[in-house]
Amino acid sequence: MLEIRDLHVNYGAISALHGISLRVPQGQIVTLIGANGAGKSTTLRAVSGLVKPRSGLINLEGEEIAGMAPHTIVGRGLAQSPEGRMVFANLTVMENLRMGAYLRKDKANFAKDLDYVFCIFPRLKEREWQAAGTLSGGEQQMLAIGRALMSKPKLLMLDEPSLGIAPLLVKTIFEKIVEINKELGLTILLVEQNANLALEVSHYGYVLETGKIILENTSAELRVNEKVRAAYLGG
Ligand code: ATP
173 MLEIRDLHVN
183 YGAISALHGI
193 SLRVPQGQIV
203 TLIGANGAGK
213 STTLRAVSGL
223 VKPRSGLINL
233 EGEEIAGMAP
243 HTIVGRGLAQ
253 SPEGRMVFAN
263 LTVMENLRMG
273 AYLRKDKANF
283 AKDLDYVFCI
293 FPRLKEREWQ
303 AAGTLSGGEQ
313 QMLAIGRALM
323 SKPKLLMLDE
333 PSLGIAPLLV
343 KTIFEKIVEI
353 NKELGLTILL
363 VEQNANLALE
373 VSHYGYVLET
383 GKIILENTSA
393 ELRVNEKVRA
403 AYLGG
């Protein structure tokens with residue numbers, strides 16, 4: 173579904189990614205773990221077209237998308253729930269979900285997909301008319317994911333869904349991510365600092381350190397890997 177090859181990204185003179193390669197196969201949840209500043213968000217930004225790579229290939233479903241404009245890439249079936257959620261604060265929950273569906277081609281299934289989002293996140297249904305900015309952090313995260321789903325993506329990228337959310341809600345949100353993957357067969361690239369959770373829900377993982385991938389394996393293997401345990405799973 174997604175293949176990145178030898179991707180280099182610079183911010184001015186600073187090199188943020190120096191030659192990373194990874195694959196996200198159809199129907200899987202793949203996670204990218206790593207400390208602050210490792211380059212996780214930069215990887216997602218390069219895929220969604222928000223930063224232009226210096227070099228490297230980014231292939232989405234057989235098409236080269238590196239360097240394309242973000243709205244063109246969205247049109248190719250990519251949706252992202254960004255770090256810090258970024259819902260439209262002054263719009264209602266319903267209006268945010270409508271915005272998610274704005275670019276999609278088949279409008280016919282809008283109602284069905286809306287039902288699915290409300291079924292996965294009943295809290296959003298209860299708060300349909302509430303301004304998104306007044307939702308709790310966890311609810312805003314649900315809305316950001318729901319809005320991404322409304323674009324009917326082929327690939328969903330989630331940037332730090334656990335960030336700043338109460339532990340109980342984090343658990344719920346990760347259960348929902350697994351549910352969405354299983355029920356819709358949706359391919360997911362998950363960036364997460366909470367390596368424990370990320371490796372629990374994903375099929376395969378990559379460990380990023382200062383702009384390089386230093387380890388990759390099935391998530392089950394990474395969870396028992398000595399280095400991963402010492403550096404990311406609290407020993
Ligand atoms: P975090 O978990 O803290 O979000 P991350 O792994 O997502 O970290 P990135 O945000 O991708 O890391 O940052 C990678 C590196 O690029 C860091 O050294 C960061 O300071 C730098 N960087 C990110 N954005 C910019 C920018 N707009 N201008 C200059 N440097 C940047």
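Per this note's numbering, the sequence shown runs over residues 173 to 407. From the three backbone atoms N, C-alpha and C, an ideal C-beta is built for every residue, glycine too. These figures come from a predicted structure and were not determined experimentally.
Please go through the same chain and pick out, in chain order, the residues whose beta-carbon is closer than 8 Å to the beta-carbon of residue i, but skip the five residues on each side of it.
| i | result |
| --- | --- |
| R195 | L174, E175, I176, V202 |
| E236 | L229, I230 |
For residue i, report the span of its alpha helix (DSSP H) as first-last.
| i | result |
| --- | --- |
| Q304 | Before going further, note that residue 304 is Ala rather than Gln in the sequence given. Looking at the DSSP string, A304 is not in any alpha helix (DSSP H), and its letter there is neither H nor E. |
| M266 | 265-273 |
| N368 | 367-373 |
| E337 | At residue 337 the sequence reads Ile, which differs from the Glu that was named. I337 -> no alpha helix (DSSP H), and no H or E assigned at all. |
If we count the other Cβ atoms within 10 Å of its Cβ and call it buried at 16 or more, is residue i buried or exposed?
| i | result |
| --- | --- |
| L380 | buried |
| I186 | exposed |
| D278 | exposed |
| Y404 | buried |
| P333 | buried |
Rounded to the nearest angstrom, what separates residue i and residue j at their Cα positions?
| i | j | result |
| --- | --- | --- |
| C291 | G184 | 45 Å |
| V245 | L321 | Before going on, a small fix: residue 245 reads as Ile here, not Val. I245 and L321: Cα-Cα distance of roughly 15 Å. |
| Q200 | A392 | 14 Å |
| L315 | V373 | 20 Å |
| K399 | G406 | 11 Å |
| K326 | V396 | 31 Å |
| T324 | T306 | The amino acid at residue 324 is misidentified as Thr; the sequence shows Lys. Rounded to whole angstroms, K324 to T306 spans 26 Å at the Cα level. |
| L189 | K224 | 12 Å |
| A283 | R319 | 13 Å |
| L229 | D331 | 21 Å |
| H375 | K343 | 18 Å |
| E347 | G357 | 15 Å |
| H243 | L394 | 35 Å |
| D285 | D178 | 36 Å |
| L269 | A280 | 15 Å |
Apart from the five residues on each side of it in sequence, which residues of its chain come closer than 6 Å, Cβ to Cβ, to residue i?
| i | result |
| --- | --- |
| I408 | This structure gives no information on residue 408, because the portion of the chain shown stretches from 173 to 407. |
For the beta strand (DSSP E) holding residue i, just list the boundary residues, first then last.
| i | result |
| --- | --- |
| Y378 | 376-381 |
| R226 | Where R226 is concerned, there is no enclosing beta strand (DSSP E), given that its DSSP letter is neither H nor E. |
| L362 | 359-364 |
| V259 | Where V259 is concerned, there is no enclosing beta strand (DSSP E), given that its DSSP letter is neither H nor E. |
| I192 | 186-196 |
Does the region 203-216 come within contact of the region 360-367, defined as at least 3 CB pairs closer than 8 Å? With three or more CB-CB distances shorter than 8 Å, the region 203-216 counts as touching the region 360-367.
Any chance the region 254-271 sits against the region 294-303, with 3 or more Cβ pairs inside 8 Å? yes
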